[in-house]
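Report on one structure; see the data block that follows.
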Amino acid sequence: MYFRQKKVEELLEQCQIFKNLNAQEMQEALQTFHYQVKKYQKGDILVHAQEVVVQQLILLQGDVKSEMTSFDGKLIKIADLKSPRILAPGFLFGNHSHYPISLTASNSCEVMAINKENFLSALQKNAKLQLNFLNLISNQTQFLTRKLNFLNFKTIKGKIAHYLLNSQKRQQSNPITMDQSQTKLADLFGVTRPSLSRAWNDMNHSGIINSQGNQIQIIDLKALRAFLG
Numbered sequence: 004m005y006f007r008q009k010k011v012e013e014l015l016e017q018c019q020i021f022k023n024l025n026a027q028e029m030q031e032a033l034q035t036f037h038y039q040v041k042k043y044q045k046g047d048i049l050v051h052a053q054e055v056v057v058q059q060l061i062l063l064q065g066d067v068k069s070e071m072t073s074f075d076g077k078l079i080k081i082a083d084l085k086s087p088r089i090l091a092p093g094f095l096f097g098n099h100s101h102y103p104i105s106l107t108a109s110n111s112c113e114v115m116a117i118n119k120e121n122f123l124s125a126l127q128k129n130a131k132l133q134l135n136f137l138n139l140i141s142n143q144t145q146f147l148t149r150k151l152n153f154l155n156f157k158t159i160k161g162k163i164a165h166y167l168l169n170s171q172k173r174q175q176s177n178p179i180t181m182d183q184s185q186t187k188l189a190d191l192f193g194v195t196r197p198s199l200s201r202a203w204n205d206m207n208h209s210g211i212i213n214s215q216g217n218q219i220q221i222i223d224l225k226a227l228r229a230f231l232g
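Residue numbers for the sequence shown follow this note's numbering, beginning at 4 and rising by one.
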């Protein structure tokens with residue numbers, strides 16, 4: 004039992020929500036949690052969309068994917084989630100405490116499950132834990148907002164144009180320095196990596212942009228804006 008708890012502590016130390024907690028604070032949080040560790044195999048569903056949230060889940064080992072069904076019935080992958088990390092913290096509290104997404108194991112996983120009331124008690128006892136939790140919710144809300152913005156564009160080139168123009172505005176420079184890989188962009192856009200690469204290469208060959216590593220030069224601003232519709 005001691006060995007198992009030490010392993011859990013070591014994994015949690017890598018989790019953003021426990022950032023800056025010392026050993027004593029970690030122990031106190033775990034004692035308040037009264038947690039269970041659940042195991043899942045590849046393809047197992049951790050939670051279904053619209054399921055009531057009664058526990059805070061923390062992915063200790065393995066990977067899961069989050070997916071959402073659009074109004075037209077299309078399954079949209081939101082993100083690939085790697086351990087260790089807290090899962091869906093933004094839906095634990097609120098008047099409509101249901102998962103809007105499903106979580107599915109991508110491989111063998113171990114998940115810590117903490118009763119909602121116990122988790123709230125731990126947050127109230129430790130200001131650092133509470134702040135980390137609030138930061139996580141804010142970061143994930145910002146990510147989902149960005150993803151929803153990209154879903155407004157029907158074409159991949161439209162999504163690319165929106166991303167590049169926003170990046171240029173934020174960085175105030177041309178060329179633009181890419182802050183995400185194409186794999187992460189594909190997840191953000193809700194498209195496959197090969198489809199994104201084809202659209203990206205086509206825009207390069209058409210002389211609209213010029214990509215050199217993580218540096219992107221906008222060559223034809225008018226043509227790029229035309230993709231926004």
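A virtual CB, placed ideally from N, CA and C, is assigned to each residue, including glycine.
Residues sharing a beta bridge with residue i, DSSP
{"i": "Ser105", "result": "Glu70"}
{"i": "Ala116", "result": "Gln39, Leu60"}
{"i": "Gln220", "result": "Asn213"}
{"i": "Asp83", "result": "Lys68"}
{"i": "Leu123", "result": "None; Leu123 has no bridge partner."}
{"i": "Thr180", "result": "Gln218"}
{"i": "Ala50", "result": "Residue 50 is actually Val in this sequence, not Ala. Bridge partners of Val50: Leu106."}
{"i": "Ile20", "result": "DSSP output for Ile20 lists no bridge partner at all."}
Contacts around residue i, its chain only, beta-carbon distance under 8 Å, and the 5 residues preceding and following it disregarded
{"i": "Lys22", "result": "Lys131, Asn135"}
{"i": "Ser109", "result": "Lys45, Gly65, Asp66, Val67, Lys68, Asp83"}
{"i": "Leu34", "result": "It should be noted that the sequence gives Gln, not Leu, for residue 34. Counting only Cβ-Cβ distances below 8 Å, and skipping sequence neighbours, we find nothing."}
Beta carbon of residue i nearer than 8 Å to that of residue j
{"i": "Gly193", "j": "Leu154", "result": "yes"}
{"i": "Arg196", "j": "Gln183", "result": "no"}
{"i": "Ala52", "j": "Ser105", "result": "yes"}
{"i": "Ile79", "j": "Met71", "result": "yes"}
{"i": "Ile179", "j": "Ile117", "result": "no"}
Contacting residues, own chain, Cβ-Cβ under 7 Å from residue i (five flanking each side not counted)
{"i": "Gly210", "result": "Ile222, Asp223"}
{"i": "Asn121", "result": "Thr35, Phe36, His37"}
{"i": "Lys10", "result": "none"}
{"i": "Glu54", "result": "His101, Tyr102"}
{"i": "Gln170", "result": "Looking at the sequence provided, one finds Ser at residue 170 rather than Gln. Only Ile179 meet the Cβ criterion."}
{"i": "Gln58", "result": "Ala116, Ile117, Asn118, Lys119"}
Distance between residue j and residue i (C-alpha atoms, nearest Å)
{"i": "Asn207", "j": "Glu13", "result": "45 Å"}
{"i": "Leu63", "j": "Ala229", "result": "45 Å"}
{"i": "Leu49", "j": "Ala189", "result": "24 Å"}
{"i": "Asn25", "j": "Glu16", "result": "9 Å"}
{"i": "Ser69", "j": "Tyr38", "result": "23 Å"}
{"i": "Gly161", "j": "Leu151", "result": "14 Å"}
{"i": "Lys119", "j": "Ala125", "result": "10 Å"}
{"i": "Leu137", "j": "Arg149", "result": "19 Å"}
{"i": "Lys41", "j": "His165", "result": "41 Å"}
{"i": "Val56", "j": "Ser214", "result": "44 Å"}
{"i": "Gln143", "j": "Gly93", "result": "8 Å"}
{"i": "Ile159", "j": "Ile212", "result": "15 Å"}
{"i": "Asn217", "j": "Ser73", "result": "32 Å"}
{"i": "Met4", "j": "Lys85", "result": "With a pLDDT of 47 at Met4, under the threshold of 50, the modelled position of that residue is not reliable, and the figure given next carries that caveat. Each residue's Cα considered, the two are about 25 Å apart."}
{"i": "Ala91", "j": "Gly76", "result": "22 Å"}
{"i": "Ala202", "j": "Ile140", "result": "32 Å"}
{"i": "Cys18", "j": "Met29", "result": "12 Å"}
{"i": "Glu31", "j": "Glu113", "result": "22 Å"}
{"i": "Leu227", "j": "Ile89", "result": "38 Å"}
{"i": "Lys225", "j": "Ile81", "result": "31 Å"}
{"i": "Gln127", "j": "Gln175", "result": "41 Å"}
Cutoff 6 Å; reference residue i; Cβ partners in own chain excluding five residues on either side
{"i": "Asp47", "result": "Ala108"}
(request) Give, in chain order, every unbroken run of the beta strand (DSSP E) that is at least 3 residues long and sits entirely within the stretch 139-167. (result) If we require 3 residues or more, the stretch 139-167 turns out to have no beta strand (DSSP E) run fully inside it.
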